[in-house]
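S.K.:
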Amino acid sequence: MGKIHVIDRDGDKHELDIDNGLSLMEPLRDLDGAGIEGLCGGMCSCATCHVFVAPQWFAKLEERQDDELELLEGTETFEDGTSRLSCQIVMRDDLDGIEVTLAPEE
Ligand code: FES
Numbered sequence: 109m110g111k112i113h114v115i116d117r118d119g120d121k122h123e124l125d126i127d128n129g130l131s132l133m134e135p136l137r138d139l140d141g142a143g144i145e146g147l148c149g150g151m152c153s154c155a156t157c158h159v160f161v162a163p164q165w166f167a168k169l170e171e172r173q174d175d176e177l178e179l180l181e182g183t184e185t186f187e188d189g190t191s192r193l194s195c196q197i198v199m200r201d202d203l204d205g206i207e208v209t210l211a212p213e214e
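Following this note's numbering, the numbering of the sequence shown begins with 109 at its first residue and continues without gaps.
(1) Within 7 Å: the Cβ of GLY143 and any heavy atom of the ligand FES?
(2) How about ALA211 and VAL159: do their beta carbons lie closer than 8 Å?
(3) Let me check you understand the geometry: is the CB of LEU180 closer than 7 Å to at least one non-hydrogen atom of the ligand FES?
(4) Tell me whether LEU210 counts as near the ligand FES, meaning its Cβ is closer than 7 Å to at least one heavy atom of that ligand.
(5) Given a cut-off of 8 Å, decide if MET133 and GLY146 are closer than it, judged by their beta-carbon atoms.
(6) Please classify PRO163: is it buried, with 16 or more other beta-carbons within 10 angstroms of its beta-carbon, or exposed?
(7) What residue range does the beta strand (DSSP E) around GLU123 cover?
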């Protein structure tokens, strides 16, 4: 079990619990009234789970795969040093406390 610190699209802060092995997309989708859509269910094909990961946490993540990067580059708000699809980030011990900001809806 770990924590995700989230800033939603209104600038409000949330702290969410997440089990190791789950993708960040899942609790972010369940965020009451303020969450992401996660339309494709985590299949890396919709980009509605786009988040900006705080740089110190971004550096701990595995590299983006080509299909993830391609989808992200197609969004209007892509930022090379922070953008990730939250469905492609799997929770593990050393990500406990990770900080993400939800990308604007497109
Ligand atoms: S949920 Fe669709 S790309 Fe992540």
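Virtual Cβ for every residue (Gly too), placed ideally from N, Cα, C.
M.R.: Here's the rundown:
(1) Looking up residue 143 in the sequence shown gives position 35. For GLY143, the Cβ stays outside the 7 Å cut-off from all heavy atoms of the ligand FES.
(2) Locating residue 211 in the sequence shown gives position 103, counting from the first residue. Locating residue 159 in the sequence shown gives position 51, counting from the first residue. Going by C-beta atoms, ALA211 is nearer than 8 Å to VAL159.
(3) Position 72 of the sequence shown, counting from 1, holds the residue named residue 180. Result no, Cβ not under 7 Å from the ligand FES.
(4) Locating residue 210 in the sequence shown gives position 102, where the first residue counts as 1. Not so, every heavy atom of the ligand FES lies at least 7 Å from the Cβ.
(5) Within the sequence shown, the letter at position 38 stands for residue 146. Within the sequence shown, the letter at position 25 stands for residue 133. A contact, by the Cβ cut-off of 8 Å.
(6) For the purposes of this step, residue 163 is identified with residue 55 of the sequence shown, where counting begins at 1. The residue is exposed, with fewer than 16 neighbouring Cβ atoms inside 10 Å.
(7) Numbered from 1 along the sequence shown, position 15 holds the residue referred to as residue 123. Bounds of the beta strand (DSSP E) holding GLU123 are 121 to 126.
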